[in-house]
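Notes follow once the structure below has been shown.
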């Protein structure tokens, strides 16, 4: 059971970006009573918001998809680092939460998550000690993390002895690919490391993991064979480890699946082994989806998943960043009050979705398709538009983003709104 | 007088990235007593740190430079958004602080800064109202901000009337360039807007401003004529406005000068007008300097500034991000525990400066010049090095960054260390 009372009671004030400087400080739980509305300019710009209807839609979509495929979901918490969203994801059927660092592990545990996969190696001495302390304080914590080297195994076993680890660490052996990121590069190397792990009493081989997302192009003819080949390796290593009795624990975890090609993982990864297998996806971006990278990648996923998923509406973008037109210095240029500090720019520039004239419009109008954000500075966006476009200083522009992770980490507070942009609550992040 | 007691008394705990999860929470003022050391692994990685000796050096350098040129400094606070650093900058002779948004204005005012230039237009209704409230609560606040359109003037004057502004807004008319960001594109347009401003009782024309930094290439033969041309325009508009008596107030502010070519501004901008002129630079990055963009731009600045500045040691990089080697998956590749969420990547990739083997080294060794960070993911860095390099899982790597602004905004806490990496204090940011 998660306990969010500390977050909901925390009083927010004008020090937090996005919160009105001239408003009385308020606890998140009392926010709805303020009846703030983004379009009524009750809040300062830029601001980041989440549309609750889209979150609900995406949650149901992914629940049905994973149920159909008989796989579990441990969504990557690093995307949002928002315990309030973790709670929604767990309530919506997620098995657990994935994290990337020990700091993120600490946040998840603090607010009550108890099934956690750290999709990363654990090697920093201070982090190993902190993990041992956390496990000792929370005996109900099911914590699994990655290993891909003997050096890491030595660090772990020495620290376990030195700092009094009580129950063995649960390790997921990571399978990588040549030219990729972390992970063992060959089956032989993986199986040798698995044997070493099985020979140590401070650790348990709890399963295998790979991350197929980095090499996904969005072209099925390339992605399917590439992802399948990686999954085949994982399955072969799993069968070999199982045959040698290298796995410890009552169940075996097989884990993969970012947000880019999770359908292939869901279909191909499940494997019959000598004890119960938990096949777990780690997709993090499905929940807010986006208006760029993941929007493009969803098409192939739906096509590969058959008529049912082609006919059903896809995921919806929940995350928008709104800014004001602060200058119209040239006929074809508007400068917006948002920049690199407010919105993702690692995958694509933000995409204008809607605009709104205060005291002129009832609801936002769709942004014309020829509006284009060409450039960002730290605190400014350059919006190019056809000369003569009726967009004035003081108008509002809402943009969709590409790659949710790098927008979430720019905000300690995102507004949760309904379809009329009325503020229902706020989501606190921990980066 | 700034009052940082609230920041220094604030208790930090493991929710903050960079703070050890297993340590007792501590107030910043009590941090030094912990005698934490980065190299002793008392802290988790990744972490961002500031070298106090480099900050002190850079502060003295810039104080002498601006004194030599008879200009004032209102360093851009948006770089660090750290009131503790604002205090050092003001104590080191800065005239005031520059900010980019009303949220940043609020932070500066809250901790006691009273001379503030917002290098941006003020157009969002909530922001205008908040600024009026702030001015009313702090009659000693000298607040100046930019204007470049009649639409903005209308927003300001209507709000001033509607929300009871007591003293007129101090406006700096922004001069821009064709193809640039904000700012009037022609002298005629600027002077017409100045006349409109002078005709309104809710606002005062307090001075002029331009930002020359966006177009700076680092090649003096291109930069000098380009920046001089912009400054000439500013000076012509200043003389014209002065001749027509359009300036209000007892002094006239002329402001320009990012961190890219501040020497040209310092030499060329000072102008004799009919009342006292404050010539103000807004450089923000000199204080921490960097190991990329600004390092490259400093060479031409020193060359243009004569023997004294060529012979004197230049600015030093104060900001480093340290991470652990989490994997050595291929002979020529090390994966580090830092990514897009920890370090700037908008200008250049981070540059490995030093490495350290726990229980092997006394102090960090310089990183070989052929180490290169080729890529970042959200939470990982790809360090390419010659095959056979003796860098192991568990070793530490410290990187310099390019463009300080986009590293600061990734950390709520940066460690202030001495040259032996002993923690002396921590710097809290507000993004």
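Chains as they are written, first to last, in this note's numbering: chain A, 682 to 1112; chain B, 682 to 1112. Cβ coordinates follow ideal geometry from the N, Cα and C atoms, glycine included. Please read all numbers here as calculations on a predicted model, not as lab measurements.
Assignment of residue 1052(A) by DSSP, reduced to helix, strand and coil, places it in the coil class. Three or more Cβ pairs closer than 8 Å define a contact, and the segment 791 to 807 of chain A meets that threshold against the segment 772 to 780 of chain A.
Annotated as proximal: residue 1084(A) and residue 1028(A), with beta-carbon spacing under 7 Å.
The segment 763 to 842 of chain B contains, as complete alpha helix (DSSP H) runs of 4+ residues, the segments 764 to 772, 783 to 791 and 806 to 818 (chain order).
The Cβ of residue 1027(B) sits closer than 7 Å to at least one Cβ of chain A.
Counting along the chain, residue 1004(A) sits inside the beta strand (DSSP E) bounded by residues 1000 to 1011.
Around the beta carbon of residue 1022(B), a 10 Å sphere encloses 16 or more other beta carbons of the protein chains shown; the residue is thus reported as buried. In chain order, 1030, 1031, 1062 and 1064 place their CB closer than 6 Å to the CB of residue 1054(B), counting only its own chain and leaving out the 5 sequence neighbours on each side. Using a CB distance below 8 Å, the part of the segment 707 to 725 of chain B facing chain A consists of 722, 723, 724 and 725, ordered along the chain. Between residue 1108(A) and residue 704(A), the C-beta spacing is not below 7 Å. Residues of chain A whose Cβ lies closer than 8 Å to the Cβ of residue 832(B) are, in chain order, 1009, 1073, 1074 and 1075.
Non-local C-beta neighbours of residue 999(A) in its own chain, meaning closer than 6 Å and more than five positions away in sequence, comprise 731, 732, 735, 736 and 969, ordered along the chain. Within the same chain, Cβ atoms closer than 8 Å to the Cβ of residue 739(A) are found at 967, 968, 969, 970, 996, 997 and 999, the five residues on either side in sequence being excluded. Residues of the segment 754 to 769 of chain A with a Cβ closer than 9 Å to any Cβ of chain B, in chain order: 759 and 760. Excluding its 5 nearest sequence neighbours in each direction, residue 682(A) has C-beta neighbours in its own chain below 7 Å: 793, listed in chain order. For residue 1057(A), the CB contacts under 6 Å within the same chain, skipping 5 residues up- and downstream, are 1020, 1021 and 1026 in chain order. Contact residues of the segment 1079 to 1109 of chain B toward chain A are 1086, 1087 and 1090 (C-beta to C-beta distance below 7 Å). Counting only runs of 4+ residues, the alpha helix (DSSP H) found wholly inside the segment 1022 to 1099 of chain B occupies 1086 to 1089, in chain order. The Cβ-Cβ distance between residue 933(B) and residue 958(B) falls below 7 Å.
Boundaries of the alpha helix (DSSP H) harbouring residue 689(A): 686 to 690, taken from the DSSP string. Taking a beta-carbon distance threshold of 7 Å, residue 703(B) counts as an interface residue toward chain A. Beta-bridge analysis with DSSP links residue 712(B) to no other residue. Residue range 850 to 855 is occupied by the beta strand (DSSP E) that includes residue 851(A).
Residue pairing by DSSP places residue 865(A) opposite 856(A) in a beta bridge. Considering only beta carbons, the part of the segment 682 to 698 of chain A lying closer than 7 Å to chain B consists of 695, 696 and 698, in chain order.
Bounds of the beta strand (DSSP E) holding residue 960(B) are 958 to 962. For residue 815(B), the residues of chain A that pass the 9 Å Cβ criterion are 702 and 703, in the order they occur in the chain. Residue 936(B): member of the beta strand (DSSP E) spanning 933 to 937, first to last residue. In this structure, residue 963(B) sits near residue 938(B), with a CB-CB distance shorter than 7 Å. Burial state of residue 1074(B) is buried, judged by a 10 Å Cβ sphere holding 16 or more other Cβ atoms. For residue 1103(A), DSSP records a beta bridge to 718(A). Membership of residue 909(B) in the alpha helix (DSSP H) is indicated by the continuous run 901 to 924.
In terms of beta-carbon proximity, residue 995(A) stays away from the interface with chain B, with every pair separated by 7 Å or more.
If you compare the alpha carbons of 803(B), 687(B), 909(B) and 761(B) with that of residue 827(B), the shortest gap goes to 803(B). Taking all protein chains in view, the Cβ of residue 991(B) is surrounded by fewer than 16 other Cβ atoms within 10 Å, so the residue is classified as exposed. Contact annotation: residue 1069(A) and residue 1001(A) have beta-carbon atoms that are not nearer than 7 Å.
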